[in-house]
Amino acid sequence: MKIDRVTGWAGLFITALFMSCQDNNNSQPTGFDVAASTGAEDAGTQSATLKLNKAASSDVTVTFALKGTAALNGDYTLLTPSPLTVKAGASTAQIDFKIIDDSVIEATDKKITFEITGVQGQTLDTNSDRLTYTYTITDNDKIPTDGMQVDLTWNLGEGVDIDSANLDMYLVYNVVVENNQVTSLDVNQDVYSEKTSGFESFVIGSAVKDTEYYVAAVYKDGSVAVPFTFGFSTTANGSSQSAGSFTSSDAGSALFYGPIQKSGNTFSRLAAPQLVKYKLNAKVLNGL
14 MKIDRVTGWA
24 GLFITALFMS
34 CQDNNNSQPT
44 GFDVAASTGA
54 EDAGTQSATL
64 KLNKAASSDV
74 TVTFALKGTA
84 ALNGDYTLLT
94 PSPLTVKAGA
104 STAQIDFKII
114 DDSVIEATDK
124 KITFEITGVQ
134 GQTLDTNSDR
144 LTYTYTITDN
154 DKIPTDGMQV
164 DLTWNLGEGV
174 DIDSANLDMY
184 LVYNVVVENN
194 QVTSLDVNQD
204 VYSEKTSGFE
214 SFVIGSAVKD
224 TEYYVAAVYK
234 DGSVAVPFTF
244 GFSTTANGSS
254 QSAGSFTSSD
264 AGSALFYGPI
274 QKSGNTFSRL
284 AAPQLVKYKL
294 NAKVLNGL
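Per the working numbering, numbering through the sequence shown is continuous, rising by one, with the last residue being 301.
Dropping the structure here:
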């Protein structure tokens with residue numbers, strides 16, 4: 014049997030159903046236009062592009078979460094905060110972020126993941142594979158040919174600003190401890206790192222005074238627990254790491270790594286390496 018023509022209300026219904034199916038087949042759920050991309054540490058400002066399933070008839074609000082191994086304000090800065098508003102009439106929007114081109118020698122590439130957690134003004138398909146976008150940062154830093162580079166990095170959790178804790182790093186010697194508190198020390202005035210934002214890093218060059226040193230991570234300000242990593246890199250020995258941590262009540266304390274005996278471009282440990290925590294008295298802390 015062959016139907017050549019359909020008329021009346023039945024014909025209108027079939028036509029409307031056909032058009033509706035076409036619309037559904039051509040539409041995509043709200044999400045990112047691509048799933049992933051990669052860039053070098055010096056790539057600068059990048060964007061994650063959001064696409065709505067149709068142009069917004071009124072403002073659409075999109076909330077997103079930050080995940081991944083990259084540290085906020087350590088490896089990247091977020092230029093577009095959540096929630097993001099897509100203006101009426103638009104069908105796309107961008108989440109802008111900037112890669113921090115620092116001198117830290119990374120053990121592995123870092124990843125930033127943006128995950129859509131909610132949409133107001135359109136329906137969010139929670140089964141969509143377009144709800145996340147991951148950007149991989151490839152490190153561009155090289156081990157210095159002279160001396161030893163020391164890096165201090167920390168991560169407070171996915172999407173948590175590392176500047177919630179203010180850590181600085183110093184090359185120190187003649188450390189005096191009394192009653193489990195550091196009462197005096199000397200700081201090498203040519204080798205220290207006191208950044209107001211981000212990770213800390215310095216190079217102990219061959220011309221730096223030869224003596225026995227400690228590398229000190231100082232918890233200047235904050236009230237959060239801080240797991241951190243020292244990175245040590247030389248052309249002769251490559252890179253190695255040593256992990257430590259501060260508790261949420263450790264502000265005003267320092268963790269000392271060493272002793273390290275420096276002689277020209279050679280760095281050696283005369284004893285097993287130690288990572289010891291001491292409170293700094295007010296005079297020492299204020300002198301840093």
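Here a beta-carbon is modelled for each residue, glycine too, at the ideal position from N, C-alpha and C.
Since the model is a prediction, treat every value here as computed from it, not as a measurement.
Open item on the list: Between Tyr291, Ala249, Gln133, which has its C-alpha nearest Ser70's C-alpha?
Closed with: Gln133
Open item on the list: Going by DSSP in three states, Asn299 sits in which element: helix, strand or coil?
Closed with: helix
Task: Sequence ranges, beta strand (DSSP E) only - wholly within the segment 188 to 225, length at least 3 - done: 194 to 206, 213 to 217
Open item on the list: Does the contact criterion of 3 or more C-beta pairs under 8 Å hold for the segment 174 to 192 versus the segment 125 to 132?
Closed with: no
Open item on the list: Helix, strand or coil for Ile108? Go by DSSP, reduced to three states.
Closed with: strand
Task: Asp152, DSSP secondary structure in three states - done: coil
- [ ] Keeping to the same chain, check which residues put their C-beta closer than 6 Å to that of Gln254; ignore five residues upstream and five downstream.
- [x] Thr242, Gly244
- [ ] Work out the CA separation of Tyr183 and Gln194 for me, nearest whole Å.
- [x] 17 Å
Task: Rounded straight-line distance, which links the Cα of Ala78 to that of Gln135 - done: Between Gln135 and Ala78, the C-alpha separation is close to 18 Å.
Open item on the list: Excluding the 5 residues flanking Ser95 on each side, which residues of the same chain have their C-beta closer than 7 Å to its C-beta?
Closed with: Thr76, Phe77
TODO: Starting from the C-beta of Val204, find all residues in its chain whose C-beta is less than 7 Å away, skip the five residues before and the five after it, and write them out in chain order.
DONE: Leu184, Phe215, Ile217, Val221
Task: Residues bridged to Gly244 (per DSSP) - done: Residue pairing of Gly244 in beta bridges, as defined by DSSP: Asp164, Gln254.
TODO: Tell me, please, which residues DSSP counts as bridged to Glu128.
DONE: Ala78, Thr145
Task: Range of the contiguous beta strand (DSSP E) that encloses Val173 - done: Element bounds for Val173: n/a, residue is neither H nor E.
TODO: Label Gln35 either buried or exposed according to how many other C-beta atoms from any shown protein chain fall within 10 Å of its C-beta, with 16 as the threshold for buried.
DONE: At Gln35 the pLDDT is 38, less than 50, meaning the model places this residue with poor confidence and gives no usable figure here.
TODO: Use the C-beta contact count for Asp181: other C-beta atoms within 10 angstroms, 16 or more gives buried, fewer gives exposed.
DONE: buried
Open item on the list: Using a Cβ distance threshold of 8 Å, determine whether the segment 141 to 161 contacts the segment 186 to 202, with at least three qualifying pairs required.
Closed with: No: the two stretches stay apart, fewer than three of their Cβ pairs being nearer than 8 Å.
TODO: Answer yes if the segment 219 to 233 comes into contact with the segment 264 to 278, meaning at least three C-beta pairs across the two stretches below 8 Å, and no otherwise.
DONE: yes
Open item on the list: Among Asn250, Val239, Pro272, Ala264, whose alpha-carbon lies nearest the alpha-carbon of Ala256?
Closed with: For the residues Asn250, Val239, Pro272, Ala264, the minimum Cα distance to Ala256 belongs to Val239.
Task: Where the beta strand (DSSP E) through Gly52 begins and ends - done: 49 to 53
- [ ] For Ser236, name the three-state secondary structure that DSSP assigns.
- [x] coil
Task: Per-residue burial, Val297 [other beta carbons within 10 Å of its own, 16 or more giving buried] - done: buried
Open item on the list: If you reduce the DSSP assignment to three classes, tell me which class Ala103 lands in.
Closed with: coil
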